[in-house]
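Taking the numbering used here, the leading residue of the sequence shown gets 3, the next gets one more, and so forth.
Ideal Cβ placement from N, Cα and C applies to all residues, glycine included.
As the structure is a computational prediction, the values presented were derived from the model and not from experiment.
Worksheet: the structure to be examined is printed underneath.
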Amino acid sequence: MLLSALLLSSAVCSAAFIDQGAGARGPGMGDAMAAASDDVFSSHYNPAGLGLLQSSELGVSYDRMLMNLGDNSNISHGFLAAGHPILGGKQGGAAASWSQFTLNSSMYREDAYSLAYGRKVRSDLGPGDLYLGGAARYLRRSFSAPSEGTNAMSGLVATGSRDPLLAGGRATGAFDSDLGVLYRLKAHYSAGLTLKHLNSPDVSFGSGASDRLPLELRAGLAYRSLISLVGLQYETRTDQTGGRDHRGTVAAERWFLRLFVGDFGFRAALTVGTREFTQVSAGFSYKTRRMGVDYAFQMPVNTVANSAGTHRLGFQVRFGGLKEPEESVVMILEAMRQLKAGGVPELRFTEPGLSASQKAQLDEHLSFARVLQGQAKYDEALERLSSALTVSPADSGLLKTFGRLNFVAKTIKSLPGYKSDPGEAAMHEGVLAYIAGNDAVAIESSARAVSLQPTNRSWAGFLESLETATGLKAPEVPQAPPKTLRVEGLVMRASAALEEGRYEDAIAMSLDALAEDENLQTAWENLGTAYFALGDNAKSLEAWGRAAALERDAERRKVLRGHVASVQRVMARRQAAAAPAAERPSVPPEEIRRLYNQGLDFYNAGRLDQAKDSFERVIELDPEFVSAVKALNRVKKELGR
């Protein structure tokens with residue numbers, strides 16, 4: 003009877019290739035992974051997530067589904083996938099996978115062979131990155147020949163005749179395709195959309211029958227932090243009556259970071275839907291930098307009775323050189339980008355008494371505002387700062403920044419051509435300087451912008467208002483000669499290349515500009531950031547040093563010198579790590595582990611200052627202890643330092 007239910011499906015009712023999930027982490031989250039996919043299992047959930055692969059990965063899982071059914075059915079599902087980042091992830095990631103669903107070993111079987119690809123397609127689409135991906139799949143289903151094939155049943159009576167379906171072809175195949183979209187904001191949030199069975203493949207056995215897989219839509223949102231993830235997902239498909247099935251899932255995941263021995267994670271989810279569908283899911287994981295083991299349990303509440311639920315075990319391993327960079331390096335590079343976006347003084351909450359959720363919400367608004375500010379979308383940045391003020395209305399620094407940005411946005415809402423037009427680039431530099439409190443630079447840059455576009459009345463009016471607001475007089479700026487315009491264009495294009503991650507191009511254009519004028523502070527700053535991103539710390543130090551010497555604003559000069567000192571510390575750690583063992587402090591590994599675990603205990607107890615001291619001591623004794631570096635950066639972030 004179960005086999006008949008699987009095979010004798012109508013055009014609007016497909017029981018074939020029902021999604022069983024992949025791995026064990028996703029099922030533990032109720033398969034709410036459309037917006038959270040970032041590993042090899044993305045080939046199943048959302049192929050766009052393959053664009054986030056940082057190393058080669060192998061993932062495998064095995065499921066025992068609906069155990070202890072009354073008819074003793076043995077339903078199992080297996081999944082195997084291998085993924086690889088192309089050119090280190092610069093050209094996205096690709097994965098091949100195979101999944102198999104079986105009923106009672108060979109009684110009924112489904113196989114799916116898939117090739118998937120995903121990559122980042124836009125990095126300048128608002129405050130986030132856009133990823134696209136697709137999967138091509140070959141589906142095959144088959145069944146063994148039962149006795150009813152030659153002795154068909156009519157109701158409860160055997161007819162002695164051949165069954166036209168069960169005695170015919172016992173295997174069929176079809177090609178299938180999926181499409182995935184993923185939009186990841188630079189701070190915490192992501193949104194995903196997956197369309198499965200785009201071409202509605204026909205997987206019927208009989209030549210005159212039709213069994214098309216209906217198009218499925220899954221849309222999700224996710225909030226992620228260093229140690230947690232919260233996801234929401236909605237999915238819909240055609241149901242057995244020709245109407246629609248709808249399901250919604252809420253899921254949460256939390257990691258506990260005992261980083262020397264590995265990380266432990268726990269997750270749970272609740273899914274509800276039409277036709278009284280309810281399912282609870284749960285799971286846990288253990289992972290290191292190289293491998294991970296996941297377990298998941300799913301239990302239908304209303305739809306299947308007398309079952310011990312579905313149990314899943316997954317395993318994941320990463321190969322080759324891991325691309326996870328030292329976090330101190332990432333933090334320095336991000337700080338330089340914020341400096342370029344006018345992030346001095348840096349926007350952050352200062353009002354005490356905010357709850358953890360309020361701090362997270364405020365940080366989200368400020369992150370958006372910083373990005374929009376850097377993209378010369380001042381009116382949109384103002385809206386974000388307005389939202390931030392509703393969370394922290396008494397923050398004096400935030401109020402000051404809001405007032406300055408509001409002053410700008412009244413006249414200049416945006417500068418869409420700041421990457422290509424010298425005038426807009428100069429005005430953008432002036433606006434960022436004014437927002438950051440650098441009035442002298444703001445006046446000078448705005449005056450230069452007006453000289454480049456003397457007929458722009460709104461800019462001239464803005465400059466006059468800026469003179470009144472700051473009490474400073476704009477200098478007389480002669481019309482720039484063609485050579486100066488060409489050099490400014492090089493600097494401007496170098497800044498754009500740096501923003502887009504094209505570091506080699508940024509270096510080449512900055513060097514060309516400096517060959518014409520070696521006193522271009524912005525060119526030295528761009529050069530230092532690009533060299534640092536490519537790992538050439540020595541040249542980076544030299545360039546940032548020149549930029550700091552040419553910087554006239556004391557606050558920005560202080561920040562630049564702070565970055566120079568940070569890079570020097572990074573280089574010192576690497577030199578210490580490369581030194582012969584005899585030259586390092588003679589401290590037993592057990593003592594280093596004790597200090598590290600002590601720091602984790604302090605962290606879990608909320609004693610962040612003591613945790614910081616412990617982790618700093620660990621790094622001093624062992625500069626290569628990456629887990630301690632990560633833990634220290636996490637503590638500093640929570641301390642707001």
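Less than 8 Å between the C-beta atoms of residue i and residue j, yes or no?
i           : j           : result
residue 101 : residue 81  : yes
residue 298 : residue 285 : yes
residue 451 : residue 425 : yes
residue 184 : residue 39  : yes
residue 97  : residue 84  : yes
residue 232 : residue 254 : yes
residue 420 : residue 378 : yes
residue 517 : residue 530 : no
residue 202 : residue 224 : no
residue 408 : residue 434 : no
residue 144 : residue 502 : no
residue 428 : residue 454 : yes
residue 240 : residue 248 : no
residue 45  : residue 137 : yes
residue 489 : residue 538 : no
residue 269 : residue 547 : no
How many Å lie between residue i and residue j at the Cα?
i           : j           : result
residue 213 : residue 173 : 13 Å
residue 110 : residue 532 : 58 Å
residue 597 : residue 471 : 54 Å
residue 28  : residue 35  : 6 Å
residue 43  : residue 216 : 22 Å
residue 291 : residue 130 : 26 Å
residue 198 : residue 369 : 33 Å
residue 413 : residue 390 : 22 Å
residue 559 : residue 441 : 15 Å
residue 257 : residue 79  : 27 Å
residue 234 : residue 205 : 31 Å
residue 187 : residue 388 : 19 Å
residue 602 : residue 619 : 13 Å
residue 246 : residue 274 : 14 Å
residue 567 : residue 314 : 49 Å
residue 19  : residue 604 : 49 Å
residue 23  : residue 133 : 21 Å
residue 599 : residue 540 : 35 Å
residue 32  : residue 66  : 16 Å
Would you mind giving the Cβ-Cβ distance between residue i and residue j, rounded to the nearest angstrom? I have them listed as a contact below 8 Å.
i           : j           : result
residue 25  : residue 316 : 4 Å
residue 552 : residue 523 : 4 Å
residue 108 : residue 139 : Actually they do not touch by this definition, with Cβ atoms about 22 Å apart.
residue 562 : residue 594 : Not quite, the Cβ-Cβ distance comes to about 34 Å (not below 8 Å), so this is no contact.
residue 94  : residue 120 : 6 Å
residue 380 : residue 416 : 6 Å
residue 300 : residue 281 : 6 Å
residue 309 : residue 70  : 6 Å
residue 122 : residue 53  : 5 Å
residue 55  : residue 91  : 6 Å
What's the call for residue i, buried or exposed, on a 16-neighbour Cβ count within 10 Å?
i           : result
residue 48  : buried
residue 135 : buried
residue 74  : exposed
residue 687 : Absent from the model: residue 687. The displayed extent of the chain is 3 to 643, so no value can be given.
residue 614 : buried
residue 345 : Note that residue 345 has pLDDT 47, beneath the 50 cutoff, so the model's placement of it is unreliable and the number below is only indicative. Buried, by the Cβ-count rule.
residue 475 : exposed
residue 229 : exposed
residue 528 : buried
residue 545 : buried
residue 303 : exposed
residue 478 : exposed
residue 398 : exposed
residue 630 : buried
residue 127 : exposed
residue 512 : buried
residue 244 : exposed
residue 431 : buried
residue 50  : buried
residue 277 : exposed
Is there a Cβ from chain C that is less than 8 Å from the Cβ of residue i?
i           : result
residue 492 : This model lacks chain C altogether, as it is built from one protein chain only.
Minimum length 3: unbroken beta strand (DSSP E) runs contained in the segment 118-145: 130-145
Could you pull out every unbroken alpha helix (DSSP H) segment of at least 4 residues lying fully inside the segment 434-463, listed in chain order? 441-454
4-residue-minimum alpha helix (DSSP H) runs that sit fully inside the segment 491-521, ordered along the chain: 505-518
Sequence ranges, alpha helix (DSSP H) only - wholly within the segment 268-314, length at least 4: none
Whole beta strand (DSSP E) elements within the segment 38-110, 3-residue minimum: 58-67, 77-87, 95-105
Of all the alpha helix (DSSP H) runs that stay within the bounds of the segment 389-439, which reach a length of 4 or more residues? 398-411, 424-437
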